[in-house]
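Using this note's numbering, read the sequence shown as starting at 458 and increasing by one per residue.
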Amino acid sequence: MNTIRIFLILLISVTFFACEKDINIDVPAGKQWLVVEGYINNVNRFYNYVVLSNSVDYFNPNLQGLPVSNATVTITEGEWRNNQYVWDRNTTVQLRELNFPGIPSNFRNGVYFDPRLITDSSNALIGRPQKDYLLEIAFAGKTYSAITRLLAPVRLDSLSFADSTYDDDDARYEMRMTSNYKEPDTIGNRYLYFWQWRENRTNFGWGGLTFSRAPGRDDLVNGQYIRLTHPQGLPVGDTVQYMLTSVTRETYNFWDSYQKARDNNGLFQTPVNLISTIQGTDVIGCFSGFSISTRTQIVKK
Numbered sequence: 458m459n460t461i462r463i464f465l466i467l468l469i470s471v472t473f474f475a476c477e478k479d480i481n482i483d484v485p486a487g488k489q490w491l492v493v494e495g496y497i498n499n500v501n502r503f504y505n506y507v508v509l510s511n512s513v514d515y516f517n518p519n520l521q522g523l524p525v526s527n528a529t530v531t532i533t534e535g536e537w538r539n540n541q542y543v544w545d546r547n548t549t550v551q552l553r554e555l556n557f558p559g560i561p562s563n564f565r566n567g568v569y570f571d572p573r574l575i576t577d578s579s580n581a582l583i584g585r586p587q588k589d590y591l592l593e594i595a596f597a598g599k600t601y602s603a604i605t606r607l608l609a610p611v612r613l614d615s616l617s618f619a620d621s622t623y624d625d626d627d628a629r630y631e632m633r634m635t636s637n638y639k640e641p642d643t644i645g646n647r648y649l650y651f652w653q654w655r656e657n658r659t660n661f662g663w664g665g666l667t668f669s670r671a672p673g674r675d676d677l678v679n680g681q682y683i684r685l686t687h688p689q690g691l692p693v694g695d696t697v698q699y700m701l702t703s704v705t706r707e708t709y710n711f712w713d714s715y716q717k718a719r720d721n722n723g724l725f726q727t728p729v730n731l732i733s734t735i736q737g738t739d740v741i742g743c744f745s746g747f748s749i750s751t752r753t754q755i756v757k758k
């Protein structure tokens with residue numbers, strides 16, 4: 458596991474606008490890193506992808522060189538058996554940069570998908586709970602790799618809404634959302650909570666949900682029934698898709714460290730340790746396994 462010291466990245470999106478990537482790394486001049494943002498999940502085939510980009514220094518005005526194209530990117534399924542990973546090479550999928558209407562135009566350079574999304578989307582790459590996944594990247598004579606696991610999903614029982622308030626600016630009633638689920642009686646569970654609603658529904662990718670994402674851990678609530686209320690007000694009548702996402706400790710630690718870096722209030726503030734899960738030279742990022750339990754519901758008073 459690599460750890461480098463970085464400075465705050467104020468904005469997540471650089472050139473993707475509403476179609477956002479999540480990781481954007483600025484490093485001091487003279488040092489360039491490959492930035493890897495990879496995902497495998499069990500629900501949405503279009504949201505299994507890998508973003509490759511080069512870091513830029515603080516003062517470089519040209520951000521158009523960020524995407525890394527023409528890399529070889531593969532994902533392979535396997536399992537932990539007899540104290541070692543066993544990879545089923547028959548499952549290996551080579552991801553490619555795609556150009557078709559389902560992918561926003563600003564999301565086509567340096568972003569790698571399963572090409573079957575065009576030809577046979579029902580059989581495109583999908584993660585399976587309790588399986589391990591190997592990401593391998595080859596670019597410019599170098600190789601990189603990462604391993605993640607899809608845990609067993611935690612059942613999301615229901616969503617409820619309460620605490621009605623009136624938003625004068627938007628002239629609408631808003632409610633706060635509560636997710637209800639039984640936390641497993643196994644210590645060390647880690648979660649990311651995502652929700653898609655009116656304000657981010659047209660965004661693409663996990664980065665498009667960045668500001669509707671929250672972390673969670675079970676250190677103080679292990680095995681209890683959870684009623685988790687989020688502070689964000691959601692407009693009455695809107696439709697919300699909520700994703701209770703179980704992640705490994707390594708994935709959680711990366712996004713926790715990234716959040717702290719992003720919230721560090723300025724380019725020249727105290728450096729933060731960003732805990733990478735990618736193996737290789739001059740590389741940073743995370744291959745995130747998302748095991749999702751989801752519900753879609755209309756916000757009601």
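Just so you know, even glycine gets a beta-carbon here, dropped at the ideal spot from N, CA and C. These figures come from a predicted structure and were not determined experimentally.
Query - Contained beta strand (DSSP E) runs [length at least 3] in the region 544-577, N- to C-terminal order - result: Restricted to the region 544-577, the beta strand (DSSP E) segments that are unbroken, complete and at least 3 residues in length are 550-554 and 568-570, listed in chain order.
Report task. Mark residue 509 as exposed unless 16 or more other C-beta atoms lie within 10 angstroms of its C-beta, in which case mark it buried. Result -> With 16 or more Cβ atoms within 10 Å of its Cβ, residue 509 is classed as buried.
Query - Nearest-angstrom beta carbon gap, residue 606 and residue 746 [assumed within contact, 8 Å] - result: Separation of the CB atoms of residue 746 and residue 606 is rounded to 5 Å, and the pair is thereby assigned contact status at 8 Å.
Query raised in the report: Among 511, 649 and 688, which residue has its Cα nearest to the Cα of residue 751?
Result: The residue with the shortest Cα to Cα distance from residue 751 is 649.
**Report entry** Spatial neighbours of residue 500 in its chain, beta-carbon cut-off 7 Å, leaving aside the 5 residues before and after
**Finding:** These residues qualify, in order along the chain: 749 and 751.
**Report entry** residue 798, enclosing beta strand (DSSP E) - first and last residue
**Finding:** In the structure displayed, the chain extends from 458 to 758; residue 798 sits before or after that span and is not available.
Query raised in the report: Per DSSP, what kind of secondary structure is residue 663 in: helix, strand or coil?
Result: Helix at residue 663.
Query - Backbone secondary structure at residue 527 - three-state DSSP - result: Coil.
Query raised in the report: Roughly how many angstroms lie between the CA atoms of residue 553 and residue 526, to the nearest whole one?
Result: Here the C-alpha atom of residue 553 lies approximately 9 Å from the C-alpha atom of residue 526.
Query raised in the report: If you run the structure through DSSP and keep just helix, strand and coil, what is residue 724?
Result: Because the pLDDT at residue 724 is just 43, under 50, the model does not fix this residue reliably, and the value given afterwards should be weighed accordingly. Note: residue 724 maps to coil in three-state DSSP.
Query raised in the report: Short check: CB of residue 686 to CB of residue 743, under 8 Å?
Result: Cβ distance not < 8 Å, so residue 686 and residue 743 don't count as in contact.
Query raised in the report: Where do the ends of the alpha helix (DSSP H) carrying residue 658 lie?
Result: Segment: none, residue 658 is in no alpha helix (DSSP H) and carries neither H nor E.
Query raised in the report: Is it right to say residue 556 is buried, meaning 16 or more other beta carbons lie within 10 angstroms of its own, or is it exposed?
Result: By the neighbour-count rule (16 or more Cβ atoms within 10 Å), residue 556 is not buried but exposed.
Requested in this report: Decide if the region 593-606 is in contact with the region 730-737; the criterion is three or more beta carbon pairs, one per stretch, under 8 Å apart.
Outcome: As far as the Cβ criterion goes, the region 593-606 touches the region 730-737, which means the pair count is three or higher.
Requested in this report: Below 8 Å CB to CB, which residues in the same chain sit around residue 688 once its five sequence neighbours on both sides are set aside?
Outcome: If you ignore the 5 residues before and after residue 688, its C-beta comes within less than 8 Å of the C-beta of 633, all in its own chain and listed in chain order.
Report task. May I ask which residues mark the beginning and end of the beta strand (DSSP E) holding residue 622? Result -> Boundaries of the beta strand (DSSP E) harbouring residue 622: 613-624, taken from the DSSP string.
Query raised in the report: What's the gap between the Cα of residue 583 and the Cα of residue 561?
Result: Here the C-alpha atom of residue 583 lies approximately 20 Å from the C-alpha atom of residue 561.
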